[in-house]
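Number of protein chains: 2
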Amino acid sequence: MLSPNSYLIGRPGSRGELDTPALLIDIEAFERNIAKMAEYARTRRVQLRPHAKTHKSVTIARRQIDAGAVGICCATLGEAEVMVQGGIPGVHITSPQVTVAKIERLIALNKVAPPGLSVVIDHPDNLKALDAAAQRADTRLAVLIDFTAGHGRTGCADADAVVALARAATSARGLALRGIQSYSGNLQHIPQRVERLRRAQEQRDILRRVIQQVRSAGIAVEIVTGAGTGTYDLDGEDGPFTELQVGSYVFMDVDYQRALLDGINTPAFETSLFVSTAVVSANASGYVTTDAGLKCFATDGPVPDVAAGAPAGSLYQFFGDEHGKLILPVGTAKPPIGTRIECVTPHCDPTVNLHDAYHVVRGDMLIDIWPVDARGKR
Amino acid sequence: MLSPNSYLIGRPGSRGELDTPALLIDIEAFERNIAKMAEYARTRRVQLRPHAKTHKSVTIARRQIDAGAVGICCATLGEAEVMVQGGIPGVHITSPQVTVAKIERLIALNKVAPPGLSVVIDHPDNLKALDAAAQRADTRLAVLIDFTAGHGRTGCADADAVVALARAATSARGLALRGIQSYSGNLQHIPQRVERLRRAQEQRDILRRVIQQVRSAGIAVEIVTGAGTGTYDLDGEDGPFTELQVGSYVFMDVDYQRALLDGINTPAFETSLFVSTAVVSANASGYVTTDAGLKCFATDGPVPDVAAGAPAGSLYQFFGDEHGKLILPVGTAKPPIGTRIECVTPHCDPTVNLHDAYHVVRGDMLIDIWPVDARGKR
Numbered sequence: 329m330l331s332p333n334s335y336l337i338g339r340p341g342s343r344g345e346l347d348t349p350a351l352l353i354d355i356e357a358f359e360r361n362i363a364k365m366a367e368y369a370r371t372r373r374v375q376l377r378p379h380a381k382t383h384k385s386v387t388i389a390r391r392q393i394d395a396g397a398v399g400i401c402c403a404t405l406g407e408a409e410v411m412v413q414g415g416i417p418g419v420h421i422t423s424p425q426v427t428v429a430k431i432e433r434l435i436a437l438n439k440v441a442p443p444g445l446s447v448v449i450d451h452p453d454n455l456k457a458l459d460a461a462a463q464r465a466d467t468r469l470a471v472l473i474d475f476t477a478g479h480g481r482t483g484c485a486d487a488d489a490v491v492a493l494a495r496a497a498t499s500a501r502g503l504a505l506r507g508i509q510s511y512s513g514n515l516q517h518i519p520q521r522v523e524r525l526r527r528a529q530e531q532r533d534i535l536r537r538v539i540q541q542v543r544s545a546g547i548a549v550e551i552v553t554g555a556g557t558g559t560y561d562l563d564g565e566d567g568p569f570t571e572l573q574v575g576s577y578v579f580m581d582v583d584y585q586r587a588l589l590d591g592i593n594t595p596a597f598e599t600s601l602f603v604s605t606a607v608v609s610a611n612a613s614g615y616v617t618t619d620a621g622l623k624c625f626a627t628d629g630p631v632p633d634v635a636a637g638a639p640a641g642s643l644y645q646f647f648g649d650e651h652g653k654l655i656l657p658v659g660t661a662k663p664p665i666g667t668r669i670e671c672v673t674p675h676c677d678p679t680v681n682l683h684d685a686y687h688v689v690r691g692d693m694l695i696d697i698w699p700v701d702a703r704g705k706r
Numbered sequence: 329m330l331s332p333n334s335y336l337i338g339r340p341g342s343r344g345e346l347d348t349p350a351l352l353i354d355i356e357a358f359e360r361n362i363a364k365m366a367e368y369a370r371t372r373r374v375q376l377r378p379h380a381k382t383h384k385s386v387t388i389a390r391r392q393i394d395a396g397a398v399g400i401c402c403a404t405l406g407e408a409e410v411m412v413q414g415g416i417p418g419v420h421i422t423s424p425q426v427t428v429a430k431i432e433r434l435i436a437l438n439k440v441a442p443p444g445l446s447v448v449i450d451h452p453d454n455l456k457a458l459d460a461a462a463q464r465a466d467t468r469l470a471v472l473i474d475f476t477a478g479h480g481r482t483g484c485a486d487a488d489a490v491v492a493l494a495r496a497a498t499s500a501r502g503l504a505l506r507g508i509q510s511y512s513g514n515l516q517h518i519p520q521r522v523e524r525l526r527r528a529q530e531q532r533d534i535l536r537r538v539i540q541q542v543r544s545a546g547i548a549v550e551i552v553t554g555a556g557t558g559t560y561d562l563d564g565e566d567g568p569f570t571e572l573q574v575g576s577y578v579f580m581d582v583d584y585q586r587a588l589l590d591g592i593n594t595p596a597f598e599t600s601l602f603v604s605t606a607v608v609s610a611n612a613s614g615y616v617t618t619d620a621g622l623k624c625f626a627t628d629g630p631v632p633d634v635a636a637g638a639p640a641g642s643l644y645q646f647f648g649d650e651h652g653k654l655i656l657p658v659g660t661a662k663p664p665i666g667t668r669i670e671c672v673t674p675h676c677d678p679t680v681n682l683h684d685a686y687h688v689v690r691g692d693m694l695i696d697i698w699p700v701d702a703r704g705k706r
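Here's what the structure looks like:
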């Protein structure tokens with residue numbers, strides 16, 4: 329069963345009756361976020377390939393495509409399999425797939441995927457393995473050369489390595505070179521816009537020289553993909569990116585709302601993702617216990633913010649696997665057991681990955697339930 | 329599909345060929361852990377009701393029952409539903425179930441569960457709601473009074489509240505009072521045995537007085553349940569517990585192995601839970617990147633320990649949602665892309681909750697795949 333809440337769809341007041349903890353999407357804020365980013369891209373003549381690692385949902389990917397996105401990024405092959413099965417075109421896998429097991433799955437996927445499936449490579453051994461597997465399967469796999477982009481997580485370390493790999497890709501009969509990926513994940517959450525701006529600029533200057541060097545070698549670079557919600561309006565301004573891999577803008581979270589607070593020119597994305605939790609114990613002095621703990625919220629960033637249902641100034645603390653501690657301001661009344669509290673999620677991507685379903689709400693009503701299709705898929 | 333690795337079952341060397349990241353159980357260490365705890369309980373004449381929040385697996389619960397456990401604890405109603413559906417007897421739910429939605433599900437479950445289903449209560453309003461729902465459904469629900477036990481997460485704040493609730497339970501026609509729960513979750517991970525011993529002793533003294541007060545009111549206390557892997561051999565020694573809710577002992581993890589290091593009298597539980605991850609990028613100097621990140625390991629405790637596959641002294645760091653950074657000791661050779669690295673999980677319970685399946689290995693061979701049946705179930 330996807331959710332024990334299906335029977336509540338369409339009932340007035342059902343938002344406050346959900347079986348908890350429940351992951352919520354405020355559909356109005358969510359739709360405004362998708363429209364705003366689409367409008368930004370249209371205006372700046374840059375394309376969007378939003379990152380599905382954030383939402384892992386075919387329904388949301390479809391809405392992004394319908395708003396003009398050219399495709400969808402995936403962090404894992406398992407996410408890509410789910411998106412392809414859901415009919416999503418233009419799926420790009422942003423991490424190298426190097427083991428025999430992953431390469432077999434990837435080549436099988438390439439044979440059935442809608443046009444535009446691509447994957448990054450950052451190593452000549454991986455290039456050879458993918459080329460051989462594609463040739464054996466009589467298919468051609470689109471690849472982008474991954475550049476480290478100052479982040480150093482994956483990618484070629486320098487321009488020479490990018491050129492060497494691009495050259496090898498153009499002569500590999502099983503591969504089709506499409507372009508370059510340069511994702512500076514380390515810049516997205518820098519909390520001062522002026523510092524993000526300076527460092528993103530620096531990275532774009534380096535990237536321009538890399539692209540120039542590849543083109544000087546007579547190799548076409550059609551796609552340059554990168555950027556995130558923290559730098560999209562910097563990286564989208566003056567090239568060299570042809571497309572943006574933005575993810576978190578659809579939901580926002582405590583982390584991004586704080587980091588982007590000083591973004592004078594930033595279109596304000598709204599928080600659209602919440603967790604509804606219930607007070608389950610209220611015997612202590614100064615706090616109550618809720619049913620949302622560290623199996624419900626990501627713990628790699630800040631703590632959840634309390635958004636509704638509790639006295640203003642209430643603070644959330646983790647209180648074990650399945651519980652949260654809601655610390656109440658002095659002198660406020662304790663919410664009784666059963667009270668629903670809504671919280672902003674701390675880091676949206678890994679929080680979503682802890683849930684099986686989105687509960688889509690409009691005002692006080694549950695209007696739909698969407699599966700987190702690619703939850704846990706590797 | 330439960331796992332893309334099913335085809336590898338029974339193949340020699342398959343442990344090193346798994347599609348990654350993959351959650352592993354070393355079956356030999358795992359079976360020794362189950363046998364050791366069962367032997368401890370037999371010797372001390374205390375019962376075991378192991379906590380399924382750790383493993384969320386019907387297969388593992390069944391093995392614990394087969395080794396002599398009287399039942400299984402669950403932290404959520406969703407876990408209890410899965411265990412009941414799997415035919416596990418003696419399911420006890422260790423957190424209060426207070427919302428209308430949860431009470432409806434609980435009463436429905438009670439009508440179909442094997443004997444012994446029980447739930448804790450810590451509030452008179454919850455007692456009345458459960459009693460009324462049970463009577464309406466013409467069923468009788470077994471309850472234990474939850475005592476705060478110095479932890480303060482759930483439970484009655486003092487002995488008077490326990491007695492009042494116990495008295496109300498005995499006169500509620502829809503309820504059957506079974507005993508008291510007293511779980512000191514705050515003591516389990518204290519890293520000095522002498523300090524754990526002192527504080528557990530303190531809590532048992534308080535608990536004895538609570539039980540005495542309930543019995544003085546003429547109310548029978550059949551079950552006293554509590555304790556965990558950090559205090560089982562303290563709490564199991566001299567009463568007042570009739571049963572132990574131990575969970576993590578089946579797997580162990582970085583956190584517990586460190587906390588219990590000085591346990592002179594502690595039967596040494598072995599690490600039986602690992603994650604197999606692959607090197608996916610190796611272009612940087614001094615480290616390589618693996619495919620196991622914060623959607624694969626819990627982030628609420630320490631970082632994973634590197635157990636096998638990398639040079640001795642290698643250290644793991646989180647490197648985003650889907651990646652880890654394996655920092656290599658100076659002067660060691662970089663493991664090439666595709667190399668499998670096995671890591672000890674940081675905090676086992678929330679790590680297991682990120683995976684769909686256990687890959688059961690004996691030596692170098694994958695011998696079975698078990699589903700994490702109750703993953704994400706609330």
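Taken in order, these protein sequences are the chains called A and B.
Just so we're on the same page, my numbering is the position in the first sequence counted from 1, plus 328.
Just so we're on the same page, my numbering is the position in the second sequence counted from 1, plus 328.
Think of the CB as a built atom: it goes at the ideal place given N, C-alpha and C, for glycine as much as any other residue.
Just so it is clear, the structure is predicted and the values come from calculations on it, not from any experiment.
- Distance check between B:L515 and each of B:R527, B:T404 and B:I388 places B:R527 closest, using alpha-carbon atoms only.
- Counted as a single uninterrupted DSSP element, the alpha helix (DSSP H) harbouring B:D583 occupies residues V582 to A587.
- The beta carbon of A:P678 falls within 7 Å of a beta carbon belonging to chain B, placing the residue at that interface.
- Neighbours of B:C484 in chain A, taken as residues at a C-beta separation under 7 Å, are given in chain order as N611.
- In this structure, the beta-carbon distance from B:Q573 to B:R373 does not fall below 7 Å.
- Relative to B:C401, the option among B:I435, B:K430, B:L445 and B:A363 whose CA is nearest is B:L445.
- Taken in chain order, the members of the segment 416-427 of chain B whose beta-carbon sits within less than 7 Å of a beta-carbon on chain A are S423, P424, V426 and T427.
- Leaving aside the five residues that flank A:N454 on each side, the residues in its chain whose CB is nearer than 7 Å to its CB run, in chain order, P424 and V426.
- Using beta-carbon distances, A:E650 counts as an interface residue toward chain B, with a partner under 7 Å.
- Taking each of A:D486, A:K381, A:G652 and A:V672 in turn and checking the Cα distance to A:E598, the smallest one comes out for A:V672.
- Taking each of A:R495, A:T467 and A:L694 in turn and checking the Cα distance to A:P340, the smallest one comes out for A:L694.
- B:R464 is the residue among B:S510, B:R464 and B:R537 whose C-alpha sits nearest the C-alpha of B:G502.
- B:L336 sits in a helix when the DSSP states are folded into three classes.
- A:G637 is outside the set of residues whose beta carbon lies under 7 Å from a beta carbon in chain B.
- A:S342 carries a helical assignment under DSSP once its states are collapsed to helix, strand and coil.
- When only Cα atoms are considered, B:R391 and B:E530 end up about 33 Å apart.
- When 8 Å is used as the limit between beta carbons, A:H451 is near these residues of chain B: S609, A610, N611 and I665, in chain order.
- From the beta-carbon of B:T348, the residues of chain A found nearer than 9 Å are T427, A429, K430 and R706.
- Identification of chain A residues near B:P332 by a Cβ-Cβ cut-off of 8 Å yields A429 and R433, ordered along the chain.
- When the Cα atoms are used, B:G704 and A:L405 turn out to be separated by approximately 22 Å.
- In terms of Cβ geometry, A:L622 and A:F646 form a close pair [threshold 7 Å].
- The C-alpha of A:D394 is placed about 26 Å away from the C-alpha of A:V549.
- Remark: three or more beta-carbon pairs, one from each stretch, lie closer than 8 Å, so the segment 648-657 of chain A and the segment 610-627 of chain A are flagged as touching.
- B:H517 is positioned such that its CB atom lies closer than 7 Å to that of B:A587.
- For the segment 389-464 of chain B, the continuous alpha helix (DSSP H) assignments of 4+ residues that do not extend past its boundaries occur at 405-413, 428-440 and 452-464, in sequence order.
- For the pair of segments examined, the segment 675-692 of chain A was found not to touch the segment 658-677 of chain B: the number of CB pairs separated by less than 8 Å stays below three.
- B:A606 belongs to the set of residues whose beta carbon lies under 7 Å from a beta carbon in chain A.
- The secondary-structure analysis by DSSP pairs B:T667 with nothing; it has no beta-bridge partner.
- B:D633 sits close to B:V582, with the two beta carbons spaced by under 7 Å.
- Flagged as an interface residue toward chain A: B:R481, by a C-beta distance shorter than 7 Å.
- Note on geometry: alpha-carbon atoms of B:G483 and B:H420 lie some 15 Å from one another.
- The Cβ atoms of A:P639 and A:P657 lie closer than 7 Å to each other.
- Close partners of A:G554 in chain B (Cβ separation under 7 Å) are lacking, with about 15 Å as the shortest Cβ gap.
- At least one CB of chain B lies nearer than 7 Å to the CB of A:A403.
- Within chain B, no C-beta atom comes nearer than 7 Å to that of A:L535; the closest sits roughly 16 Å away.
- Of all residues in the segment 497-518 of chain B, only G513 place a beta-carbon less than 7 Å from a beta-carbon of chain A.
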